[in-house]
Ligand SMILES: NC(=O)c1ccc[n+]([C@@H]2O[C@H](COP(=O)([O-])OP(=O)(O)OC[C@H]3O[C@@H](n4cnc5c(N)ncnc54)[C@H](OP(=O)(O)O)[C@@H]3O)[C@@H](O)[C@H]2O)c1
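Residue numbers (the numbering used here): 286 to 573.
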């Protein structure tokens, strides 16, 4: 089986390439600087795919800077929608399964329950709107696809909420963290394992095609997540943690408050249950 991964230098792309290689899968990971790896170069992408003839295409490339997307709307849509539509068209042309990632930010976060796949998306920011447009492009393309909406992704060695919190706890005496945003910090490694479960099942059974929610098990607030990280890093137990509401920080993009995803459909379909969010975070904290 041949798997082609776009965005191979990102958190998910890197974890996925490493894991698939370790399982003996024939993987070609492409990042922006490879020929055919810049997903904005539509014709080059098409050539790379038609030469490699993958059975599975994984798109881990995305415009992920949520605040920058507010001022670079066209760029965000080019990567998160138009380039994704092209990947889906190429996947259809070679008969490959497309595994694509979307986000909890397609929801407005207003309801109290964990979001299900059937809930109505209503993104609050340009990033979320561009990712929702990308989902629609995949669904309408006619290719075989599994879209995984994931949340609060982290991996060691990358900039994300967990590694940023570790820096704050090392450098500051007092850290203000929002207490009203709920979600599940999700390890890129768990996403890689989930993708393998998806591929194994979807290559045998096309009836599983669709949109799924995937995250590490359990929910937390950003504040409690930082408190957990602080409890693991005993060295700076004297840092003051101050809970604040989201409105305290004047960021360009509005964030949904409730980012909790109901992952029941994924678990029932693919039989894979992720680790607790605490186990995933611990791995990122203590990675050497
Ligand atoms: N991070 C999160 O908290 C989060 C939450 C929910 C959903 N997601 C989704 O999960 C997926 C994976 O996210 P991630 O956390 O792994 O993101 P990431 O670490 O930011 O990686 C995204 C990768 O895409 C690459 N990229 C951007 N534009 C490209 C282009 N034109 N051609 C090729 N590559 C390009 C980036 O390359 P450069 O480094 O060169 O820019 C980067 O390596 C994305 O679909 C994202 O929307 C992420």
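Note that beta-carbon positions come from the ideal geometry of N, C-alpha and C, so glycine has one too.
Model, not experiment: these values are computed from the prediction.
Subject >> According to DSSP, residues forming a beta bridge with residue 342 >> reply: 289, 383
Subject >> Sequence-distant residues of its chain with Cβ nearer than 6 Å to residue 349 (five each side left out) >> reply: none
Original post:
Do you know how far the Cα of residue 431 is from the Cα of residue 551?
Top reply: 11 Å
Subject >> DSSP-derived helix/strand/coil call for residue 536 >> reply: Assignment of residue 536 by DSSP, reduced to helix, strand and coil, places it in the coil class.
Original post:
Is residue 523 helix, strand or coil by DSSP?
Top reply: coil
**OP:** Following the continuous beta strand (DSSP E) through residue 311, name the residue where it begins and the one where it ends.
**Re:** 311 to 315
Original post:
Taking C-alpha atoms, which residue in 565, 465, 543 lies nearest to residue 534?
Top reply: A check of alpha carbon separations from residue 534 across 565, 465, 543 identifies 465 as the nearest.
Original post:
Which residues in the same chain have their Cβ closer than 8 Å to the Cβ of residue 568, if we skip the five residues on either side of it in sequence?
Top reply: For residue 568, same chain residues with a beta-carbon under 8 Å away, outside a window of 5 residues either side, are 441, 472, 474 in chain order.
Subject >> residue 329: CB within 7 Å of a non-hydrogen atom of ligand 1 >> reply: no
Subject >> Beta bridge counterpart(s) of residue 498 as assigned by DSSP >> reply: 434
**OP:** Could you check what DSSP says for residue 442 in three-state terms: helix, strand or coil?
**Re:** DSSP places residue 442 in the coil class of the three-state scheme, outside both helix and strand.
Original post:
If we call anything under 8 Å between Cβ atoms a contact, is residue 330 one with residue 321?
Top reply: yes
**OP:** Please state whether DSSP places residue 572 in a helix, a strand or coil.
**Re:** coil
**OP:** For residue 519, count neighbouring C-beta atoms within 10 Å of its own C-beta (all shown protein chains included) and say buried if the count is 16 or more, exposed if not.
**Re:** exposed
**OP:** Could you spell out where the alpha helix (DSSP H) holding residue 492 opens and where it closes?
**Re:** Premise fails: residue 492 is in no alpha helix (DSSP H) and is neither H nor E.
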